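Participant: Got a structure for you, written out below as structure tokens; questions coming shortly.
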Amino acid sequence: MSKKSFHRTLRTLTIFSILLLLSFVPAIGKSGSDEVVIIVRIIDIRALSIDGESYFKVEVTADGQDIGVGYHFMEHGSEIIPVWPVAYMSGIPYDRDQPINIKIRLFFRYSPLGIWKECDISKDGKGVDISYDVRSGEWTGEDYLNDGNGYGHTSGFEDGNYEENDCEIWFDIYQLREGSSFLNPDRLTLWELINVYNLDPSQNYAIIDNDGDGIPTSWEDKYGYDPLSYDDHKSLDPDRDGLDNVEEWMTSKWLSDPFSQDIFIEIDFMEIGNLGITCSFPEKSKYLLWKAFAKHNITIHIDDGCMGGGGEPVPFEKKLTVNLLRTIRERYFLHGDPNNWRKGVFHYAVISCFGVKEFGRRVSGMAFYIDSFFIAQLRVTMRLPIFRLEGSNYYISLASVFMHELGHNLGIYHSNTPGCDNRNAQFPIPMAKGFLEIQKL
Numbered sequence: 009m010s011k012k013s014f015h016r017t018l019r020t021l022t023i024f025s026i027l028l029l030l031s032f033v034p035a036i037g038k039s040g041s042d043e044v045v046i047i048v049r050i051i052d053i054r055a056l057s058i059d060g061e062s063y064f065k066v067e068v069t070a071d072g073q074d075i076g077v078g079y080h081f082m083e084h085g086s087e088i089i090p091v092w093p094v095a096y097m098s099g100i101p102y103d104r105d106q107p108i109n110i111k112i113r114l115f116f117r118y119s120p121l122g123i124w125k126e127c128d129i130s131k132d133g134k135g136v137d138i139s140y141d142v143r144s145g146e147w148t149g150e151d152y153l154n155d156g157n158g159y160g161h162t163s164g165f166e167d168g169n170y171e172e173n174d175c176e177i178w179f180d181i182y183q184l185r186e187g188s189s190f191l192n193p194d195r196l197t198l199w200e201l202i203n204v205y206n207l208d209p210s211q212n213y214a215i216i217d218n219d220g221d222g223i224p225t226s227w228e229d230k231y232g233y234d235p236l237s238y239d240d241h242k243s244l245d246p247d248r249d250g251l252d253n254v255e256e257w258m259t260s261k262w263l264s265d266p267f268s269q270d271i272f273i274e275i276d277f278m279e280i281g282n283l284g285i286t287c288s289f290p291e292k293s294k295y296l297l298w299k300a301f302a303k304h305n306i307t308i309h310i311d312d313g314c315m316g317g318g319g320e321p322v323p324f325e326k327k328l329t330v331n332l333l334r335t336i337r338e339r340y341f342l343h344g345d346p347n348n349w350r351k352g353v354f355h356y357a358v359i360s361c362f363g364v365k366e367f368g369r370r371v372s373g374m375a376f377y378i379d380s381f382f383i384a385q386l387r388v389t390m391r392l393p394i395f396r397l398e399g400s401n402y403y404i405s406l407a408s409v410f411m412h413e414l415g416h417n418l419g420i421y422h423s424n425t426p427g428c429d430n431r432n433a434q435f436p437i438p439m440a441k442g443f444l445e446i447q448k449l
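Read in order, the letters of the sequence shown are residues 9 to 449 in our numbering.
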């Protein structure tokens, strides 16, 4: 069987498995009215120190018993967003006072028939050990609320060793009660609804805002806020990443966390002449950025079309200017709306063909607005022989320029960071601990 045929067959089997599992999902939620189903969902996986594209699988155990569905993520890439990554326990008393001990382990292999190797996704050991409270729906252990790295997010980089087949993983644990929706759970536990909030268990609170403060009850409950007491979330930014709680909630579907720093960037791509193709930002360059920021518990989120805003083709311009770049920003980022909700939430980047003449020379990248910058991809490519003499390559060069210009958006300049934009050096490289690690890429 050819490799192409193998993957086609594999995808068919995967889809069949999903349909089969979905066929009995309604039955899962039909435990007795005093029982609930515990769901463990794997949301996203990013490779950090695994070179090359890999296959992944997750093993989930609860109180020592395997509760996974045995699904392997047969997709290649440095980032995997599983289609059906779930484990569950049914028939759990809603008022159980003993915690459930859950362990999550991640494995990878380079080929479909290779040997599975365990990834490091934890600060202690390899796997993640947590203790789940059935009554409150909260968990503690090697991941917990306000741990600095995100609730339902762990990384092998947390132990300071960056060469252990490290990955980072996002997950969620929630309950299904009788009549609740599998596809849109509200995350409130039956015990909380009855004993804490005095709310109707037959209602779904995924989009209901009981206290009228602009954020649904389920989000507030997950992150430790009282969903029945008004909070001024527009004024709250506990992780000091520039996103208030309303903006954190709006971006939570893209893994934003109010207690862990996030940086969102939208990217659009200029067309290359009349060739019918656009510039690009390679996956390998994104991987390098993830890796550098993950060392400091900062999550980079790049919208190159995957979040519904980026990835737009920008008409080709050979003689690019700062004014033209600002026009592109207004047209393709703000879409003519100065109050576009993404303004102040996302940074904006344009991957262009050629540079801009500024500072008496033509530059390959520049921050042209307080929240925006550009990178001249073809110009970086033309200077590749010089970069290679310094031990760099195409992917590192693009990631380095990207990080440099993003650093300016984050407030790093020559006036406040010695060495930044040092024009007297042959290869000016900015350094700013926590944000810029170009030399370590």
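Heads up, the beta-carbon is just placed ideally off N, CA and C, and yes, glycines get one too.
Fair warning: this is a prediction, and the values are worked out from it, not measured in the lab.
Is it true that the stretch 140–156 meets the stretch 95–109, where meeting means three or more beta-carbon pairs spaced less than 8 Å apart?
Facilitator: Here the stretch 140–156 lies against the stretch 95–109, with 3 or more beta-carbon pairs under 8 Å apart.
Participant: If you run the structure through DSSP and keep just helix, strand and coil, what is Phe341?
Facilitator: Within the sequence shown, the letter at position 333 stands for residue 341. Three-state result, Phe341: helix.
Participant: Inspect the beta-carbon positions of Phe341 and Met278 and report whether they are closer than 8 Å.
Facilitator: In the sequence shown, counting from the first residue as 1, residue 341 sits at position 333. In the sequence shown, counting from the first residue as 1, residue 278 sits at position 270. Cβ distance not < 8 Å, so Phe341 and Met278 don't count as in contact.
Participant: Can you name, in chain order, every residue of its own chain whose Cβ lies under 6 Å from the Cβ of Glu256, other than the five neighbours on each side?
Facilitator: Counting from 1 along the sequence shown, the entry for residue 256 is found at position 248. Excluding sequence neighbours, Glu256 sits near Ser264, Pro266.
Participant: To the nearest angstrom, report how far apart Ser504 and Pro90 are at their CA atoms.
Facilitator: Here the chain covers residues 9 to 449 and nothing more, so residue 504 does not appear.
Participant: Is there contact here, the stretch 164–172 with the stretch 314–324, by at least three beta-carbon pairs under 8 Å?
Facilitator: no
Participant: From Ala357 to Arg391, what does the alpha carbon distance come to, in whole angstroms?
Facilitator: By one-based count along the sequence shown, residue 357 stands at place 349. By one-based count along the sequence shown, residue 391 stands at place 383. Spanning the alpha carbons of Ala357 and Arg391 requires a straight line of approximately 21 Å.
Participant: Within the continuous alpha helix (DSSP H) that includes Glu366, where are the two ends?
Facilitator: For the purposes of this step, residue 366 is taken as the residue at position 358 of the sequence shown. Counting along the chain, Glu366 sits inside no alpha helix (DSSP H); it lies in the beta strand (DSSP E) bounded by residues 364–366.
Participant: From the DSSP output, which residues share a beta bridge with Tyr377?
Facilitator: To locate residue 377, count along the sequence shown from 1; it is residue 369. DSSP output for Tyr377 lists Ser380 as bridge partner(s).
Participant: One question on the structure: do Leu328 and Phe362 come within less than 8 Å of each other, judged by their Cβ atoms?
Facilitator: For the purposes of this step, residue 328 is identified with residue 320 of the sequence shown, where counting begins at 1. For the purposes of this step, residue 362 is identified with residue 354 of the sequence shown, where counting begins at 1. Against a cut-off of 8 Å, the Cβ pair of Phe362 and Leu328 comes out as a contact.
Participant: Would His241 and Ile223 be called neighbours here (beta carbons separated by less than 8 Å)?
Facilitator: Taking the first residue of the sequence shown as 1, we reach residue 241 at position 233. Taking the first residue of the sequence shown as 1, we reach residue 223 at position 215. In this structure, Ile223 lies closer than 8 Å to His241 by Cβ.
Participant: How about Trp450 and Asp52: do their beta carbons lie closer than 8 Å?
Facilitator: Residue coverage of the chain in this structure runs from 9 to 449, which leaves residue 450 outside it and unanswerable.
Participant: Counting C-beta neighbours from all protein chains within 10 Å, is the total for Ser86 16 or more, i.e. buried, or is it exposed?
Facilitator: Counted from its first residue, the sequence shown places residue 86 at position 78. Classification of Ser86: buried, given that the 10 Å Cβ count is 16 or more.
Participant: Leu414 and Phe382 - do their beta-carbons sit closer together than 8 Å?
Facilitator: Indexing the sequence shown from 1 puts residue 382 at position 374. Indexing the sequence shown from 1 puts residue 414 at position 406. No, the Cβ-Cβ distance between Phe382 and Leu414 is not below 8 Å.
Participant: Does DSSP put Asp429 in a helix, in a strand, or in coil?
Facilitator: Counting from 1 along the sequence shown, the entry for residue 429 is found at position 421. Here Asp429 sits in coil by DSSP.
Participant: For Pro101 and Leu198, what's the separation of their Cα atoms in angstroms?
Facilitator: Position 93 of the sequence shown, counted from the start, is the residue given in the question as residue 101. Position 190 of the sequence shown, counted from the start, is the residue given in the question as residue 198. Whole-angstrom Cα-Cα distance: 10 Å.
Participant: Applying the 10 Å Cβ sphere with the 16-neighbour rule, what's the burial state of Gln73?
Facilitator: On the sequence shown, residue 73 is found 65 positions in, with the first residue counted as 1. Around the CB of Gln73, fewer than 16 other CB atoms lie within 10 Å, so the residue is classed as exposed.
Participant: Please classify Ser243 as buried or exposed, where buried requires at least 16 neighbouring CB atoms within 10 angstroms.
Facilitator: Residue numbering aside, residue 243 sits at position 235 when the sequence shown is read from its first letter. The residue is exposed, with fewer than 16 neighbouring Cβ atoms inside 10 Å.
Participant: Measuring alpha carbon to alpha carbon, tell me which residue in Leu207, Arg185, Tyr233, Leu184 is nearest Asn154.
Facilitator: Position 146 of the sequence shown, counting from 1, holds the residue named residue 154. When only C-alpha atoms are compared, the closest one is Tyr233.
Participant: Could you tell me the alpha carbon to alpha carbon distance between Arg113 and Thr225, rounded to whole angstroms?
Facilitator: Here residue 113 is taken as the residue at index 105 of the sequence shown, counted from 1. Here residue 225 is taken as the residue at index 217 of the sequence shown, counted from 1. Going by the C-alpha atoms only, they are around 31 Å apart.
Participant: Bridge partners for Met411 per DSSP, in chain order?
Facilitator: The residue you call residue 411 lines up with position 403 of the sequence shown. According to DSSP, which records beta bridges pairwise, Met411 is partnered with nothing at all.
Participant: Is DSSP giving Phe165 helix, strand or coil here?
Facilitator: Counting from 1 along the sequence shown, the entry for residue 165 is found at position 157. DSSP places Phe165 within a helical segment (H, G or I) once states are collapsed to three.
Participant: Of the choices Lys261, Ile138, His161, Lys111, whose alpha-carbon is the least far from that of Arg54?
Facilitator: In the sequence shown, the residue the question calls residue 54 occupies position 46. The residue with the shortest Cα to Cα distance from Arg54 is His161.
Participant: Helix or strand or just coil, what does DSSP make of Leu263?
Facilitator: For the purposes of this step, residue 263 is taken as the residue at position 255 of the sequence shown. Leu263 falls in the coil class under three-state DSSP.
Participant: Return yes when at least one heavy atom of the ligand MG lies under 7 Å from the C-beta of Gly316, else no.
Facilitator: The ligand MG is not part of this structure, which contains no ligands at all.
Participant: For His460, does the three-state DSSP call read helix, strand or coil?
Facilitator: Given that the chain is displayed from residue 9 to residue 449, the structure contains no residue 460 and the question cannot be resolved.
Participant: Count the other CB atoms within 10 Å of the CB of Ile181; is the residue buried (16 or more) or exposed (fewer)?
Facilitator: Here residue 181 corresponds to residue number 173 of the sequence shown, with the count starting at 1. So Ile181 counts as buried.
Participant: So the candidates are Ile378, Ile50, Val330, Asn347; which of them puts its Cα closest to the Cα of Tyr159?
Facilitator: Sequence index remark: in the sequence shown, residue 159 carries index 151 (1-based). Of Ile378, Ile50, Val330, Asn347, the residue nearest in Cα terms is Ile50.
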